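Per this note's numbering, the sequence shown starts with residue 193, numbered consecutively. C-beta atoms are modelled at their ideal positions from N, C-alpha and C, and glycine is treated no differently. All of these numbers come straight from a predicted model, not from anything done at the bench. Beneath this line is the structure, given in structure tokens, with notes to follow.
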Amino acid sequence: MVDAEKRLLAHALQDTDNQHFVLLSESCVPLHNFDYIYNYLMHANMSFVDCFLDPGPHGNGRYSEHMLPEVEKKDFRKGAQWFSMRRQHALIVMADSLYYSRFRDYCKPGFDGKNCIADEHYLPTFFNMIDPGGIANWSVTHVDWSERKWHPKSYKAQDVTEDLLNNITSIDLSIHVTSEAKVYISSTFSYFNNTVKLVNDWYNLVSGMVSNDRVTYSQENSTPKP
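Right, dumping it as structure tokens:
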């Protein structure tokens, strides 16, 4: 998957007019018109790359010491594979071979008896290491994990109401569900509220179901409002 992402970026970068690069699934639905989304992204001063610490078995539990010394466990991060990336960041990703090779060789299903998913870890870890202040620590997609199942909530036609759209666009917290059954609530200002937000009802987080046993809250990586 990471190979495919890098190939897409390489192809898109050939056009010097392209200044922002967005990767979405086929079932992402925009909540704003094209001009609104285009203008917001073109004037954004950061890339939207989901990035959070998951101390559980499907987060840091996937880390392999074979990644040393380039990638240390304390820097290992996780996030959705969907992103919106500035040209400067896309060029840095394409120039990287050192960190990429660690994930290509040692973050793959079955290696060391672990189920490491490179597209959930490479970009979050890479940007956490080389430019943590240049990313928003969440993607431009929205998923609802409140049902606590293996898959996020799917929106059917009858679910799409004005209230639903207003609720999504007024969200002011980035919530990450970890594989330790904890919910980390970031104090990041919302990019959904009066800005661009895309609905993604497809993304399947491999980290698994959230237990009802305990839910704790903490704050991580506060990002100022642009």
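Close-in-space but distant-in-sequence residues of the same chain around residue i (CB under 7 Å, 5 per side omitted)
i: Y255; result: K265 and F268
Simplified DSSP state of residue i, which is helix, strand or coil
i: V335; result: coil
i: A328; result: strand
i: D242; result: strand
i: S293; result: helix
i: V194; result: helix
i: V221; result: strand
Residues near residue i in its chain [Cβ-Cβ closer than 6 Å; skip 5 each side]
i: P344; result: V335, D336 and W337
i: R294; result: M259, E262 and V263
i: V241; result: F275, L315, F319 and I327
i: M277; result: F213 and S239
i: D207; result: none
Residue i: first and last residue of the uninterrupted alpha helix (DSSP H) it sits in
i: M277; result: Here M277 belongs to no alpha helix (DSSP H); instead the beta strand (DSSP E) covers F275 to R278.
i: I309; result: That residue, I309, is in no alpha helix (DSSP H); it is neither H nor E in DSSP.
i: Y363; result: Note that residue 363 is Ile in the sequence shown, not Tyr. Counting along the chain, I363 falls outside any alpha helix (DSSP H), and DSSP gives it neither H nor E.
i: H235; result: F226 to H235
Option in the options with minimal Cα separation from residue i
i: N307; options: W330, H281, P249 and D323; result: P249
i: S331; options: L215, P247 and M234; result: L215
i: E312; options: G325, H203 and R296; result: R296
i: D288; options: Y298, I322, G302 and D304; result: I322
Residue i: first and last residue of the uninterrupted beta strand (DSSP E) it sits in
i: H212; result: H212 to L215
CB contact below 8 Å: residue i versus chain D
i: Y228; result: In the displayed structure, chain D is absent; only one protein chain is listed.
Sequence-distant residues of its chain with Cβ nearer than 8 Å to residue i (five each side left out)
i: R199; result: none
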